[in-house]
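**Q**
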Amino acid sequence: MTRRVLVTEALDRTGIEILEAACEVTLRPGLAPHELIEAVGGYDALVVRSATRVTAEVLAAGSRLVVVGRAGTGVDNIDVQAATRRGIVVVNAPTSNTVAVAEHTLALMLALARHVTAADSSMHCGRWEKSGFVGTELRDKALGLVGLGRVGTAVAQRAQGFEMRVLAYDPFVSPERAAQLGVEMVNMDDLLRRSDYISLHAPATENTRGMIGARELAQMKPSTYLVNCARGDLIEEEALIEALNEGRIAGAALDVFADEPEVNPALCGIPNLILTPHLGASTEEAQAGASAQVARQVVDVLEGRPPRYSVNVPVTSPEEMGALEPYLELARCMGQFCAQYVRDSIVWLELICGGDLVEHDTTMVTAAALVGLLSEAVDEPVNIVNARLVARDRGLVVREVRTPEAQGFSGLLTLRAGTTAQEHLIRGTVMRHQPHIVCLDGYWLDFVAGGVVLVSEHLEQPGVIGQMGTLLGEAGVSISFVQVGREKRGGHGLMVVGLDDALSRETMEQVLAMPSVQSARVIRM
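Quick note on this note's numbering: the sequence shown kicks off at 2 and runs consecutively.
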């Protein structure tokens, strides 16, 4: 039977030809949502870019659908969970735009350094203002990269060609990988203080949205330039506008915005701010690469071969999935918790599967832990299919151990995470069909792994719990639970407080100022 493919957006001819060589292809760009629902039932594959919304309703109507291909990186427009439930494979083209985005980043850096846009505008107005546009060289300047994934690495390599010194902040890049790249790994505060140029290459998550705000901008040098070709909501736009207008940083260049295609009017007209309409991946080569990469994978899936970049989970037996499913969620939550709990770069990770889990293939459980861990930091989709590859690319050593020992629980997951200086341990289990974390670095406690929690280390003193509750109550913060573990009376303790919402910066500063509190962080799962 001839396989049929529906393409709903403009696709480079390279990919169309690959599809046409193996399938019957229908090009119908610009379909309205109801038209797509009416049409999709007659096709085995659907290929889209970013404009088509592949909803659960669309997938339900696609009774023949085997695969959905996204010609690009992000899959926000596809209901991946609904596709997975229906056994529909979702593929994308995560490497297709790496060079394009990296080159655009360097183009914006050069434009800032040499005042290209302002000088061009002046010339078009008939003026010759050579002395007013004296620039600076990139040579010997420090470039700070927030995120060292595919794009960040490509930017680092190109910046070194300009003889720049490259710093990077990325909790999931090993020292060995950094050494291979010739990059100095630093913490975020050091990066902000030392960099002449700062370029963002992080994913947009609950923990990274607004990561560049008033506090971070205040740490930058007055001569620093900020570039964002990653995600618009990484920057608090109002804080950036204020910093630029007050001359607290030298300038900025934005290719992405918080509410695209709408642009904050206050951004327009700032002389030391360059704006481009999300052109990072807009090159002929990137579009041809995305088209070809996704087309080959669609054909592979239709012909029974595994795709190179699958976004969702391969189908497994209902019995095995039923047994593993609660532990997959537990592992993901533990990985997510670990990413925010451990302050230094993680260089190795070990997952110990204990008790009843030894009766099952726990490869997917380890992958789920990596999904939770890496999704907090990398600039590409991470899933159970590609998690180990992403970890390997970042130099993260991953081990899996199976043991009948479960500390009295029917099933127990233990996550050990090692940095260059120390080791952290997180234990979890499933109770009443919910994931629970039961031990943190030797402190035994019990709380449901989900939502927002405040984790604080403190000196064990009378009244610590009451002081914390009073402080949060006065700040208008609702508490859902409190769990405390301690090593011994009068020693050190660990407190986990369930919150309805994340804390404001002001409240967090008050928590850290408590005499008995040694450290504190808010963790979202």
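Ideal placement from N, C-alpha and C gives every residue a C-beta, glycine not left out.
Of all the options 362, 182 and 215, which has the alpha carbon lying nearest to the alpha carbon of residue 320?
**A** The count along the sequence shown starts at 1 and reaches residue 320 at position 319. The shortest Cα separation from residue 320 among 362, 182 and 215 belongs to 362.
**Q** Measure the beta-carbon distance from residue 392 to residue 375 and round it to whole angstroms, keeping in mind my assumption that it falls under 8 angstroms.
**A** Taking the first residue of the sequence shown as position 1, residue 392 is located at position 391. Taking the first residue of the sequence shown as position 1, residue 375 is located at position 374. Contact holds; Cβ gap of about 6 angstroms.
**Q** For residue 62, which option in 105, 47, 395 and 170 has the closest C-alpha, if you only look at C-alpha atoms?
**A** Counting from one through the sequence shown, the residue named residue 62 turns up at place 61. For the residues 105, 47, 395 and 170, the minimum Cα distance to residue 62 belongs to 47.
**Q** Buried or exposed: residue 518, going by 16 or more other Cβ atoms within 10 Å of its Cβ?
**A** Translated into the one-based positions of the sequence shown, residue 518 becomes position 517. Result: buried.
**Q** Using a Cβ-Cβ distance cut-off of 8 angstroms, determine whether residue 286 contacts chain C.
**A** Among the chains of the structure shown, chain C does not appear; only one protein chain is present.
**Q** With DSSP run on the structure shown, which of helix, strand or coil describes residue 6?
**A** What you label residue 6 is simply residue 5 of the sequence shown in a count that begins at 1. DSSP places residue 6 in strand when its eight states are reduced to three.
**Q** Taking only runs that begin and end inside the region 154 to 196, name each unbroken beta strand (DSSP E) of 3 or more residues, in chain order.
**A** Entirely contained in the region 154 to 196, the beta strand (DSSP E) runs reaching 3 residues are, in chain order, 166 to 170.
**Q** If you drop the 5 nearest sequence neighbours on each side, which residues of the same chain put their C-beta closer than 6 angstroms to that of residue 237?
**A** For the purposes of this step, residue 237 is identified with residue 236 of the sequence shown, where counting begins at 1. For residue 237, where only same-chain residues beyond five positions count, the Cβ hits under 6 angstroms are 211 and 214.
**Q** For residue 355, count neighbouring C-beta atoms within 10 Å of its own C-beta (all shown protein chains included) and say buried if the count is 16 or more, exposed if not.
**A** Position 354 of the sequence shown holds residue 355. With 16 or more Cβ atoms within 10 Å of its Cβ, residue 355 is classed as buried.
**Q** Roughly how many angstroms lie between the CA atoms of residue 1 and residue 103, to the nearest whole one?
**A** Residue 1 lies beyond the residue range present for the chain, which begins at 2 and ends at 526; the question has no answer from this structure.
**Q** Terminal residues of the continuous alpha helix (DSSP H) containing residue 436?
**A** Counted from its first residue, the sequence shown places residue 436 at position 435. Segment 435 to 441 is the beta strand (DSSP E) holding residue 436; no alpha helix (DSSP H) there.
**Q** At which residue ranges does the region 374 to 406 contain complete beta strand (DSSP E) runs of 3 or more residues, listed in the order of the chain?
**A** Fully enclosed beta strand (DSSP E) runs of 3 or longer: 398 to 404.
**Q** Helix or strand or just coil, what does DSSP make of residue 519?
**A** Stepping through the sequence shown from its first residue, residue 519 is reached at position 518. Of the three classes helix, strand and coil, the one that applies to residue 519 here is strand, per DSSP.
**Q** Rounded to whole angstroms, what's the CA-CA distance from residue 144 to residue 137? Just pull it up for me.
**A** Stepping through the sequence shown from its first residue, residue 144 is reached at position 143. Stepping through the sequence shown from its first residue, residue 137 is reached at position 136. If you take the alpha carbons of residue 144 and residue 137, they lie about 14 angstroms apart.
**Q** Taking contact to mean 3 or more Cβ pairs, one atom from each stretch, closer than 8 angstroms, check whether the region 506 to 514 and the region 443 to 452 are in contact.
**A** Not touching, per the Cβ criterion.
**Q** Once you ignore the five residues that flank residue 316 on each side, which residues in its own chain have a CB closer than 6 angstroms to its CB?
**A** For the purposes of this step, residue 316 is taken as residue 315 along the sequence shown, with counting starting at 1. Note on residue 316: pLDDT 48, under 50, position unreliable in the model; no value is reported.
**Q** Looking at residue 146 and residue 156, is the spacing between their C-beta atoms short of 8 angstroms?
**A** Locating residue 156 in the sequence shown gives position 155, counting from the first residue. Locating residue 146 in the sequence shown gives position 145, counting from the first residue. It is a contact, given that the beta carbons lie within the stated cut-off.
**Q** Three or more C-beta pairs closer than 8 angstroms, one from the region 364 to 379 and one from the region 402 to 411: is that the case here?
**A** With a cut-off of 8 angstroms, the region 402 to 411 and the region 364 to 379 do not count as touching, because too few Cβ pairs lie within range.
**Q** Which of the three DSSP states, helix, strand or coil, is assigned to residue 17?
**A** The residue labelled residue 17 in the question sits at position 16 within the sequence shown. The answer is helix: DSSP assigns residue 17 an H, G or I state.
**Q** Using a Cβ-Cβ cut-off of 8 angstroms (strictly less than) and excluding sequence neighbours within five positions of residue 514, which residues of its own chain qualify?
**A** The residue you call residue 514 lines up with position 513 of the sequence shown. For residue 514, where only same-chain residues beyond five positions count, there are no Cβ hits under 8 angstroms.
**Q** If you check the beta carbons only, do residue 281 and residue 94 fall under 8 angstroms apart?
**A** To locate residue 281, count along the sequence shown from 1; it is residue 280. To locate residue 94, count along the sequence shown from 1; it is residue 93. It is not a contact, given that the beta carbons lie outside the stated cut-off.
**Q** In terms of DSSP beta bridges, what is residue 412 paired with?
**A** For the purposes of this step, residue 412 is taken as residue 411 along the sequence shown, with counting starting at 1. Bridge partners of residue 412: 356.
**Q** Got a sec, what are the start and stop residues for the beta strand (DSSP E) residue 486 sits in?
**A** Taking the sequence shown and counting its residues from 1, the one referred to as residue 486 is at position 485. Where residue 486 is concerned, the enclosing beta strand (DSSP E) stretches over 480 to 487.
**Q** Taking DSSP as the reference, what is the three-state secondary structure of residue 263?
**A** Here the question's residue 263 lines up with position 262 in the sequence shown. In this structure, residue 263 counts as strand in the three-state DSSP scheme.
**Q** What runs of the beta strand (DSSP E), each 3 residues or longer, lie entirely inside the region 193 to 279?
**A** DSSP runs (the beta strand (DSSP E)) wholly in the region 193 to 279: 198 to 201, 226 to 229, 252 to 255 and 274 to 276.
**Q** When DSSP labels each residue in this structure, what does residue 316 get in the three-state scheme?
**A** By one-based count along the sequence shown, residue 316 stands at place 315. In this prediction, residue 316 has a pLDDT of 48, which is less than 50 and means its spatial position is unreliable; nothing more can be read from the coordinates.
**Q** May I ask you to list the residues that DSSP assigns as paired with residue 459?
**A** Position 458 of the sequence shown, counted from the start, is the residue given in the question as residue 459. BP columns for residue 459 point to 494 and 518.
**Q** Are at least three pairs of beta-carbons, each pair with one atom in the region 290 to 301 and one in the region 336 to 345, less than 8 angstroms apart?
**A** Judged by Cβ distances under 8 angstroms, the region 290 to 301 makes no contact with the region 336 to 345, as fewer than three pairs qualify.
**Q** Run through the DSSP bridge pairs and tell me what residue 70 is partnered with.
**A** The sequence position of residue 70 within the sequence shown is 69, counting from 1. Paired residues: 48 and 92.
**Q** Quick one: give me the first and last residue of the alpha helix (DSSP H) that residue 300 is part of.
**A** Mapped onto the sequence shown, residue 300 falls at position 299. 285 to 303 is the span of the alpha helix (DSSP H), which, as asked, contains residue 300.
**Q** For residue 432, which residues does DSSP report across the bridge?
**A** If you number the sequence shown from 1, residue 432 lands on position 431. Answer by DSSP bridge pairing, in chain order: 435.
**Q** Under the assumption that residue 402 contacts residue 351 (Cβ atoms under 8 angstroms), give the Cβ distance between them as a whole number of angstroms.
**A** Against the sequence shown, residue 402 aligns to sequence position 401. Against the sequence shown, residue 351 aligns to sequence position 350. With 8 angstroms as the limit, residue 402 and residue 351 qualify as a contact, their Cβ atoms being about 6 angstroms apart.
**Q** Taking 8 angstroms as the limit between beta carbons, can you name the residues of its chain near residue 101, skipping five residues before and five after?
**A** For the purposes of this step, residue 101 is taken as the residue at position 100 of the sequence shown. Hits under 8 angstroms: 281, 282, 283, 284, 286 and 287.
**Q** By DSSP, does residue 23 sit in helix, in strand, or in coil?
**A** Locating residue 23 in the sequence shown gives position 22, counting from the first residue. Correct three-state label for residue 23: coil.
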